[in-house]
Structures are given as C-alpha cells and as structure tokens.
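Numbering (this note's numbering), first residue to last: 61 to 334.
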C-alpha cells in the first residue's frame, strides 16, 4: 500500500512506549510501531464484516420482480444494491458477503467479485426464500468480530462511523439503526427507554405507541448467534423480540434519507428523491 511521509511531534513517553514494540521481526522501526498503534486504534471504529440480505421476493412488488430481483431494480440507472454498496463504501467498507436466492444469478452476473466497484464480494446462495435468520446462520462460522447486517432493499444515510461508535460505547450485543415514519403500521414499531429497546413489534394492528421503526441496518456481535434457535425465521419478528425480553437490544436513532422499497409506490418515490 502506498505510504506518505509526514512530520509529527509526540511526547517523549509516548515515543518510548512505541519504541518498545520494535521487535526487529514484524515491527522494525519507530514508523512501523506508530503505524501499528494507529491501525489498531482506528480498527475499533471500522466495520470489516458486512452481510447484505438480497434474497426474498415480495408479492407487493407484483410484475416488477417477476424476472428481476428487487435489489436489482434501477434507480437513476443503478440497481438499488449498487446504491447501498456505494454508500457503505464511502465509509471505507470494502468487503461484503451478499446473500441471494430468488433470481440471484443476476446479482452475481452484474457485480461479479466486486472489483468493478473497487470492493470485494462473496456470495451465499440459498434455494427458495427462507427468511432472514437463515442467511444470518450461514455466516456464523465466517464472522468472529463485530459485523453489520443491511437489507438489500433499503437505501439510507446512516453515519456508519457514528453508529459503530455508539455501539462500542454502550457495549451492546446488538444495536438497531432506527428512523421515524408517519405510517409505522406498514413497518412495525420500536419503543425506546434511554438507549434500550423495550418493544419490537412487527406491523401493529392496534393503537400506535411509537413512530420509530427499524431502518434495516444492524450492528451485531458474534455472541448474538447464541440467541438464535432452530424455530426462528425472521430477525425482526423472532430474534429481536427475544433480545428485547432479555434487555440486550439497543437502538440508535438516525435522521436523514431512508428509502425502504417494498412496493411500486416506494420505488417511484425513490426514483424521485435520489
């Protein structure tokens, strides 16, 4: 990787501590020692593992997704999935695992290994759509560190660095990005008490208690796999309510762009806004 020469001034005690890392094997100089320390520190605010859920087929989309995956519908000449990846890429996220099933070969043919976008893409291939827990279970042996889950039908402007900083600061097992909408019955509702989510209910039919909903983006720790059981199908209908009961699910509120594309009307709106 290309390096740039800079001049910095540090306290003598910090320099001495950095020099103690020089072992003449992996770290051979003071510059390498400082680079190592910076990389280690900055990595705490980087996401290296991302799972994008680009499977499934919603009946609400009608004929629009008869021959094309929903995440490949075009907005301003680009597939929805490309908009998502490019937004994540702006936070220096370059490695992705994409789960595909319904017409998923079109996604593989378009994105390939990701090199044309300057990223690296690996695929998990499912059969018929089986819910959102299934792809999460598939990455159990792949993710040993904090990871991000993103829905492949949702474009949003969540600040990933701030989202991760919030997650780290609160030492959470799982943190859900939240946004507010005027029609929560179409999505489900979330109640917050401080930073803790106290209610996670999908598409309520009774009185609306909150206008906060999931933004379709979650930061999870690998320990979350211990809370997944065989009878679970959905992250938001099964897993998250289970975490709420145990008091270990947190919410990060975010303002700004949020486009969840579930219907032809949603797609039309997204094509106007973007």
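All C-beta atoms in this analysis are idealised placements derived from N, C-alpha and C, irrespective of residue type, glycine included.
Cβ shell of residue i (< 7 Å), same chain only, five flanking positions each side left out
{"i": "residue 183", "result": "158, 160, 168"}
{"i": "residue 145", "result": "156, 177, 179"}
{"i": "residue 93", "result": "78, 79, 81, 82, 87"}
{"i": "residue 324", "result": "121, 122, 124"}
{"i": "residue 200", "result": "285"}
Other residues of its chain near residue i: CB distance less than 6 Å, five sequence neighbours each side excluded
{"i": "residue 174", "result": "180, 181"}
{"i": "residue 330", "result": "135, 319, 321"}
{"i": "residue 316", "result": "217"}
Limits of the unbroken beta strand (DSSP E) element including residue i
{"i": "residue 253", "result": "249 to 253"}
{"i": "residue 237", "result": "234 to 240"}
{"i": "residue 184", "result": "180 to 185"}
{"i": "residue 256", "result": "256 to 261"}
{"i": "residue 280", "result": "272 to 280"}
Cβ distance (whole Å) where residue i is taken to contact residue j below 8 Å
{"i": "residue 234", "j": "residue 308", "result": "7 Å"}
{"i": "residue 258", "j": "residue 304", "result": "7 Å"}
Bridge-paired residues (DSSP) for residue i
{"i": "residue 212", "result": "Residue 212 pairs with nothing; no bridge assigned."}
{"i": "residue 203", "result": "None, per the DSSP bridge assignment."}
Boundaries (first-last residue) of the alpha helix (DSSP H) holding residue i
{"i": "residue 320", "result": "Unbroken run through residue 320 is the beta strand (DSSP E), 318 to 320; no alpha helix (DSSP H)."}
{"i": "residue 229", "result": "220 to 229"}
{"i": "residue 75", "result": "72 to 79"}
{"i": "residue 198", "result": "193 to 198"}
Contacts around residue i, its chain only, beta-carbon distance under 8 Å, and the 5 residues preceding and following it disregarded
{"i": "residue 248", "result": "260, 261, 262, 263, 264, 273, 274, 296"}
{"i": "residue 195", "result": "111, 113, 115, 159, 184, 186"}
{"i": "residue 276", "result": "210, 211, 213, 214, 216, 237, 320"}
{"i": "residue 152", "result": "106"}
Runs of alpha helix (DSSP H) wholly within the segment 100 to 177 (minimum 4 residues, chain order):
Counting only unbroken stretches of 4 or more residues, the alpha helix (DSSP H) elements lying wholly within the segment 100 to 177 are 140 to 149, 165 to 171, in sequence order.
Can you list, in chain order, the stretches of the alpha helix (DSSP H) that have 4 or more residues and sit fully within the segment 283 to 326?
Counting only runs of 4 or more, we get 300 to 305.
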